[in-house]
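Student:
Pasting the structure below:
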(Lines of atoms letter the chains of each structure in order from A and count residues from 1; the text may use other names and numbers.)
(Lines give C-alpha, C1' and ligand atoms only; values in the text may rest on other atoms or scores of the structure.)
Protein backbone atom coordinates (compact mmCIF):
# COMPACT_ATOMS: atom_id res chain seq x y z
CA UNK A 1 0.00 0.00 0.00
CA UNK A 2 1.55 3.37 -0.96
CA UNK A 3 2.36 5.79 1.84
CA UNK A 4 1.18 9.33 1.33
CA UNK A 5 2.82 12.42 2.74
CA UNK A 6 1.06 14.07 5.66
CA UNK A 7 -1.23 16.92 4.74
CA UNK A 8 0.24 20.38 5.19
CA UNK A 9 -1.06 22.41 8.09
CA UNK A 10 -3.59 24.83 6.64
CA UNK A 11 -2.86 28.53 6.95
CA UNK A 12 -5.82 30.85 6.99
CA UNK A 13 -5.60 34.40 5.70
CA UNK A 14 -8.18 36.91 6.76
CA UNK A 15 -8.36 40.25 5.01
CA UNK A 16 -10.70 43.08 5.77
CA UNK A 17 -10.74 46.79 5.30
CA UNK A 18 -10.47 49.10 8.28
CA UNK A 19 -10.08 52.80 8.01
CA UNK A 20 -6.86 54.16 9.52
CA UNK A 21 -8.99 56.62 11.49
CA UNK A 22 -10.68 53.69 13.27
CA UNK A 23 -7.47 52.02 14.36
CA UNK A 24 -4.73 54.56 13.98
CA UNK A 25 -2.84 51.81 12.16
CA UNK A 26 -2.28 50.99 8.56
CA UNK A 27 -1.28 47.36 8.14
CA UNK A 28 -0.64 45.79 4.74
CA UNK A 29 -1.33 48.90 2.71
CA UNK A 30 -3.63 51.91 2.83
CA UNK A 31 -6.51 50.98 5.09
CA UNK A 32 -6.06 47.22 4.63
CA UNK A 33 -5.25 44.80 7.40
CA UNK A 34 -4.12 41.28 6.60
CA UNK A 35 -3.94 38.78 9.40
CA UNK A 36 -2.32 35.42 8.90
CA UNK A 37 -2.89 32.53 11.27
CA UNK A 38 0.41 30.79 11.84
CA UNK A 39 0.50 27.17 13.01
CA UNK A 40 1.25 27.17 16.72
CA UNK A 41 3.98 25.11 18.37
CA UNK A 42 1.46 24.77 21.20
CA UNK A 43 -1.83 24.23 19.31
CA UNK A 44 -3.83 23.21 22.37
CA UNK A 45 -2.73 26.10 24.58
CA UNK A 46 -1.13 23.74 27.09
CA UNK A 47 1.69 26.16 27.82
CA UNK A 48 -0.47 29.16 28.54
CA UNK A 49 1.47 30.73 31.42
CA UNK A 50 5.03 31.99 31.43
CA UNK A 51 5.90 29.32 33.98
CA UNK A 52 4.46 26.56 31.80
CA UNK A 53 6.40 27.88 28.80
CA UNK A 54 9.60 27.97 30.88
CA UNK A 55 8.89 24.41 31.96
CA UNK A 56 8.53 23.32 28.33
CA UNK A 57 11.91 24.90 27.50
CA UNK A 58 13.49 23.15 30.51
CA UNK A 59 11.95 19.77 29.65
CA UNK A 60 13.48 19.94 26.18
CA UNK A 61 16.93 20.13 27.82
CA UNK A 62 16.63 17.00 30.01
CA UNK A 63 19.75 14.91 29.48
CA UNK A 64 22.14 17.79 28.76
CA UNK A 65 25.41 17.07 30.59
CA UNK A 66 28.50 19.00 31.53
CA UNK A 67 31.47 18.47 29.25
CA UNK A 68 33.78 17.42 30.75
CA UNK A 69 31.83 16.09 33.75
CA UNK A 70 32.29 18.20 36.89
CA UNK A 71 33.46 21.25 34.94
CA UNK A 72 30.26 23.34 35.20
CA UNK A 73 30.74 23.83 31.46
CA UNK A 74 29.72 22.55 28.05
CA UNK A 75 28.18 23.85 24.83
CA UNK A 76 24.57 23.93 26.09
CA UNK A 77 25.60 25.24 29.50
CA UNK A 78 27.39 28.11 27.76
CA UNK A 79 24.05 28.80 26.02
CA UNK A 80 22.26 28.95 29.39
CA UNK A 81 24.77 31.55 30.58
CA UNK A 82 23.77 33.87 27.69
CA UNK A 83 20.52 34.64 29.56
CA UNK A 84 22.45 36.25 32.41
CA UNK A 85 24.36 39.51 32.20
CA UNK A 86 27.91 39.18 33.51
CA UNK A 87 27.87 35.39 33.64
CA UNK A 88 31.09 33.46 34.12
CA UNK A 89 32.08 30.01 32.85
CA UNK A 90 32.97 27.21 35.22
CA UNK A 91 30.63 28.15 38.09
CA UNK A 92 27.43 26.43 39.28
CA UNK A 93 24.77 26.97 36.64
CA UNK A 94 21.34 26.10 38.07
CA UNK A 95 20.34 29.80 38.23
CA UNK A 96 21.64 30.37 34.69
CA UNK A 97 19.46 27.47 33.57
CA UNK A 98 16.21 28.82 35.05
CA UNK A 99 17.08 32.33 33.78
CA UNK A 100 17.52 30.83 30.30
CA UNK A 101 14.22 28.91 30.50
CA UNK A 102 12.36 32.03 31.69
CA UNK A 103 13.88 34.14 28.90
CA UNK A 104 12.79 31.52 26.36
CA UNK A 105 9.28 31.70 27.84
CA UNK A 106 9.16 35.42 27.12
CA UNK A 107 9.40 36.37 30.82
CA UNK A 108 13.05 37.06 31.56
CA UNK A 109 14.13 37.10 35.19
CA UNK A 110 15.17 40.48 36.60
CA UNK A 111 13.74 43.99 36.43
CA UNK A 112 15.51 44.61 33.12
CA UNK A 113 15.39 40.96 32.03
CA UNK A 114 19.09 40.59 32.78
CA UNK A 115 18.74 37.17 34.40
CA UNK A 116 20.62 36.15 37.52
CA UNK A 117 23.46 33.74 38.14
CA UNK A 118 22.76 33.29 41.86
CA UNK A 119 19.76 31.70 43.53
CA UNK A 120 19.67 34.41 46.22
CA UNK A 121 19.33 37.08 43.51
CA UNK A 122 16.34 35.27 41.98
CA UNK A 123 14.72 34.94 45.42
CA UNK A 124 15.29 38.67 46.09
CA UNK A 125 13.81 39.56 42.69
CA UNK A 126 10.80 37.37 43.51
CA UNK A 127 10.40 39.19 46.84
CA UNK A 128 10.68 42.67 45.26
CA UNK A 129 8.15 41.87 42.54
CA UNK A 130 5.59 40.00 44.65
CA UNK A 131 6.33 36.68 42.94
CA UNK A 132 7.90 34.91 45.94
CA UNK A 133 5.72 32.24 47.54
CA UNK A 134 6.63 31.01 51.02
CA UNK A 135 7.76 27.52 51.94
CA UNK A 136 4.80 25.19 52.41
CA UNK A 137 2.81 26.79 49.59
CA UNK A 138 1.49 24.33 47.03
CA UNK A 139 3.31 25.32 43.82
CA UNK A 140 2.06 25.18 40.25
CA UNK A 141 3.87 23.59 37.31
CA UNK A 142 6.34 26.16 36.02
CA UNK A 143 7.03 27.78 39.39
CA UNK A 144 10.70 28.09 40.27
CA UNK A 145 11.56 26.01 43.34
CA UNK A 146 14.17 27.33 45.78
CA UNK A 147 16.44 25.17 47.92
CA UNK A 148 17.95 27.81 50.20
CA UNK A 149 20.38 30.06 48.39
CA UNK A 150 22.33 27.21 46.80
CA UNK A 151 20.02 25.50 44.27
CA UNK A 152 16.95 26.18 42.10
CA UNK A 153 14.81 24.25 39.64
CA UNK A 154 11.40 24.34 37.94
CA UNK A 155 8.34 22.49 39.24
CA UNK A 156 7.05 20.00 36.67
CA UNK A 157 4.20 18.34 38.56
CA UNK A 158 2.56 18.35 41.97
CA UNK A 159 0.88 15.29 43.51
CA UNK A 160 -1.92 15.61 46.09
CA UNK A 161 0.36 14.12 48.78
CA UNK A 162 2.97 16.88 48.34
CA UNK A 163 5.37 14.97 46.12
CA UNK A 164 6.85 17.05 43.31
CA UNK A 165 8.66 16.37 40.11
CA UNK A 166 11.09 19.09 39.09
CA UNK A 167 13.41 19.83 36.18
CA UNK A 168 16.77 21.02 37.47
CA UNK A 169 19.93 22.22 35.81
CA UNK A 170 23.24 21.30 37.47
CA UNK A 171 21.74 18.34 39.31
CA UNK A 172 24.52 15.74 39.31
CA UNK A 173 26.25 17.70 36.50
CA UNK A 174 23.25 17.62 34.15
CA UNK A 175 19.68 18.70 33.46
CA UNK A 176 17.49 16.10 35.14
CA UNK A 177 13.96 15.31 36.21
CA UNK A 178 14.09 14.99 40.02
CA UNK A 179 11.63 13.72 42.65
CA UNK A 180 11.14 16.12 45.57
CA UNK A 181 8.57 17.03 48.21
CA UNK A 182 7.02 20.40 48.99
CA UNK A 183 8.90 20.23 52.31
CA UNK A 184 12.25 20.23 50.47
CA UNK A 185 11.63 23.77 49.20
CA UNK A 186 12.46 26.98 51.02
CA UNK A 187 10.11 28.87 48.70
CA UNK A 188 8.87 29.27 45.15
CA UNK A 189 8.92 32.04 42.56
CA UNK A 190 5.94 32.34 40.21
CA UNK A 191 6.92 33.65 36.77
CA UNK A 192 3.38 34.77 35.89
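Residue numbers (my numbering): 30 to 221.
Where a beta carbon is used, it is the ideal one built from N, C-alpha and C, also for glycine.
(1) Alpha carbon to alpha carbon, what distance is there between residue 206 and residue 103?
(2) Compute the distance between the beta-carbons of residue 144 and residue 128, then report whether it is under 8 Å.
(3) Would you give the residue range spanned by the beta strand (DSSP E) that residue 140 belongs to?
(4) Ignore the nearest five residues each way along the sequence and tell me which others in residue 139's own chain have a CB closer than 7 Å to its CB.
(5) Over the uninterrupted alpha helix (DSSP H) stretch that includes residue 104, give me the two end residues.
(6) For residue 202, which residues in the same chain have their Cβ closer than 7 Å to its Cβ, ignoring the five residues on either side in sequence?
(7) How is residue 91 classed by DSSP in three states: helix, strand or coil?
(8) With distances taken between CB atoms, is the gap from residue 120 to residue 101 smaller than 8 Å?
(9) For residue 193 versus residue 209, is the C-beta distance shorter than 8 Å?
(10) Beta-carbon separation of residue 170 and residue 84 under 8 Å?
(11) To the nearest angstrom, report how far apart residue 92 and residue 187 are at their CA atoms.
(12) Helix, strand or coil, according to DSSP, for residue 127 in the structure here?
(13) Pick out the complete beta strand (DSSP E) segments inside the segment 166–207, 3 residues or longer, and give them in chain order.
(14) To the nearest angstrom, how far is it from the Cα of residue 87 to the Cα of residue 189?
(15) Look up residue 155 in the DSSP assignment and say whether it is helix, strand or coil.
(16) For residue 215, which residues from the same chain have a beta carbon less than 7 Å from its beta carbon, with the 5 sequence-adjacent residues on both sides left out?
(17) Would you tell me roughly how many angstroms separate the C-alpha atoms of residue 21 and residue 89, rounded to the nearest one?
Tutor: Reading it off the structure:
(1) Counting from 1 along the chain shown, the entry for residue 103 is found at position 74. Counting from 1 along the chain shown, the entry for residue 206 is found at position 177. Within the model, the alpha-carbon separation for residue 103 versus residue 206 is close to 19 Å.
(2) Here residue 144 corresponds to residue number 115 of the chain shown, with the count starting at 1. Here residue 128 corresponds to residue number 99 of the chain shown, with the count starting at 1. The Cβ atoms of residue 144 and residue 128 sit closer than 8 Å to each other.
(3) In the chain shown, residue 140 corresponds to position 111, counting from 1. Residue 140 -> no beta strand (DSSP E), and no H or E assigned at all.
(4) Here residue 139 refers to the residue found at position 110 when the chain shown is read from its first residue. Once the five neighbours on either side are set aside, the close Cβ partners of residue 139 are 145 and 154.
(5) Locating residue 104 in the chain shown gives position 75, where the first residue counts as 1. Its alpha helix (DSSP H) spans residues 104–110.
(6) Translated into positions along the chain shown, residue 202 becomes position 173. Correct list, in chain order: 94, 95, 98 and 99.
(7) For the purposes of this step, residue 91 is taken as residue 62 along the chain shown, with counting starting at 1. DSSP places residue 91 in coil when its eight states are reduced to three.
(8) As a working mapping, residue 120 is identified with position 91 in the chain shown. As a working mapping, residue 101 is identified with position 72 in the chain shown. It is a contact, given that the beta carbons lie within the stated cut-off.
(9) Against the chain shown, residue 193 aligns to sequence position 164. Against the chain shown, residue 209 aligns to sequence position 180. In this structure, residue 209 lies closer than 8 Å to residue 193 by Cβ.
(10) Locating residue 170 in the chain shown gives position 141, counting from the first residue. Locating residue 84 in the chain shown gives position 55, counting from the first residue. Contact flag set, yes.
(11) In the chain shown, residue 92 corresponds to position 63, counting from 1. In the chain shown, residue 187 corresponds to position 158, counting from 1. Using only the alpha carbons, I get a separation of about 22 Å.
(12) Taking the chain shown and counting its residues from 1, the one referred to as residue 127 is at position 98. When DSSP states are grouped into helix, strand and coil, residue 127 belongs to the helix group.
(13) With a minimum length of 3 residues, the continuous beta strand (DSSP E) runs that stay inside the segment 166–207 are 173–176, 180–187 and 192–200.
(14) By 1-based counting over the chain shown, the position of residue 87 is 58. By 1-based counting over the chain shown, the position of residue 189 is 160. If you draw a straight line from the Cα of residue 87 to the Cα of residue 189, it comes to about 23 Å.
(15) For the purposes of this step, residue 155 is taken as residue 126 along the chain shown, with counting starting at 1. If DSSP states are grouped into helix, strand and coil, residue 155 belongs with the helices.
(16) As a first step, residue 215 must be located in the chain shown, where it is residue number 186. Once the five neighbours on either side are set aside, the close Cβ partners of residue 215 are 164, 175, 176 and 177.
(17) Past the edges of the chain, shown from 30 to 221, lies residue 21, and the structure says nothing about it.
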